[in-house]
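Let me begin by presenting the structure, written as structure tokens, before commenting on it.
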Amino acid sequence: MKSSTWLPVLEQLATGVLISGSQLGAHLSVSRAAVWQRVEYLKSIGVKIQASDLGYQLIHPVYLPNLSKIQGSLTIQVNLMPEVCSTNTLVLESRTERCLISLYQNQGRGRQGKRWIAAPGHALMFSIGVWIDCGVQDLTGLPIDVGVATCHALNGLGVNARLKWPNDLWVDEQKLAGVLTELQGDQDQTFVAIGIGLNLWPTLGIDASITSIIDASNRIWSDQDTVFLIDALCSAIKDYSERLPSDRIKRYNEVSLLNGREIKVTSGMSQFSGTANGIDEFGRLCILNNGRAEYVSAGDVSVRPQ
3 MKSSTWLPVL
13 EQLATGVLIS
23 GSQLGAHLSV
33 SRAAVWQRVE
43 YLKSIGVKIQ
53 ASDLGYQLIH
63 PVYLPNLSKI
73 QGSLTIQVNL
83 MPEVCSTNTL
93 VLESRTERCL
103 ISLYQNQGRG
113 RQGKRWIAAP
123 GHALMFSIGV
133 WIDCGVQDLT
143 GLPIDVGVAT
153 CHALNGLGVN
163 ARLKWPNDLW
173 VDEQKLAGVL
183 TELQGDQDQT
193 FVAIGIGLNL
203 WPTLGIDASI
213 TSIIDASNRI
223 WSDQDTVFLI
233 DALCSAIKDY
243 SERLPSDRIK
253 RYNEVSLLNG
263 REIKVTSGMS
273 QFSGTANGID
283 EFGRLCILNN
293 GRAEYVSAGD
303 VSVRPQ
């Protein structure tokens, strides 16, 4: 179903009041049967809607970004699209400096090609595209910088988030957000696409290991919060070339979820086990095993429960 069909229904329900099928149909100039189909579609993609003889009502609020409010507080060009395949994919294809926000990604991607899906209004999903005057080979620490900046921004909003290397945001033992960093370029210039998926509200059927902003901090997300987060990430990208490796390591250690914990890392066909011991100047994870240090540049990390 096209977003032009389901979005007007979601916008009406976003007021939070109980609305009858007849009222929705009259407002949208469609039949009650058409309203029912659109509501059922929204429910099928995770939007929590309560239906009764009296009408329809959202079980909890949703976040629908206001483009004019967000753009008015940022210098980077901001675009808002109701539904896309993947914000990172579109930003990479255009190679235009901008921030693309979407309500729903039907082919959302996480790290290592994993699928990432969230219901419209239940997550903040955007990608930032920026050109940087240095080669891909010089940007090994950028994913860490972006993850750390996201973590610090959320901390500033009262969310006790920690960074699970390389760039997942967790609260306690539950995942709150994911960051996807993709690079295209050569030895002199690189186009950087940073994708963010931040859970704002719980989604039906979601894994117990996932949390949300409302669950972690009781905060109802706003456009001001979106501006704050986008601005923090733009600054992290802009300041990358001026950041010393020692500063990167220090900032990572301040927000690390893993330091001092027993972990297992799967990297391709290899597995590494031991105690997490920070990162090196290239952003690689250091694992101590029987007094010997091993360094991993990419992989999936599992943590022994505390």
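Numbering (the working numbering), first residue to last: 3 to 308.
Just so it is clear, CB atoms sit at the ideal spot from N, CA and C, and this is done for glycine as well.
All values reported here derive from a predicted model rather than from experimental measurement.
By the Cβ test, the segment 221-231 is not in contact with the segment 142-150, since fewer than three Cβ pairs between them sit closer than 8 Å.
Scanning the segment 225-270 from its first residue to its last, the whole alpha helix (DSSP H) runs of 4-plus residues come out as 225-240, 247-257. At a Cβ-Cβ threshold of 8 Å, residue 124 and residue 64 count as neighbours. Going by beta carbons, residue 131 and residue 187 fall outside the 8 Å limit.
One alpha carbon belongs to residue 278, the other to residue 253, and they sit about 16 Å apart. Pairing residue 37 with residue 105, the inter-Cα distance amounts to about 20 Å. Assigned with DSSP and collapsed to three states, residue 148 falls in helix. Using a Cβ-Cβ distance cut-off of 8 Å, the segment 255-274 and the segment 297-305 are in contact, since at least three pairs of beta carbons, one from each stretch, lie closer than that value. Going by beta carbons, residue 134 and residue 126 fall outside the 8 Å limit.
Distances from the CA of residue 292 to each of 299, 274, 307 were compared; the closest alpha carbon is that of 274.
Taking C-beta atoms under 8 Å as the contact rule, residue 163 and residue 48 fail to qualify, at a distance of about 23 Å.
Note: residue 100 is bridge-paired with 131 in the DSSP secondary-structure output.
DSSP links residue 172 through a beta bridge to 164, 177. Counting the other Cβ atoms within 10 Å of the Cβ of residue 193 gives 16 or more, which makes it buried.
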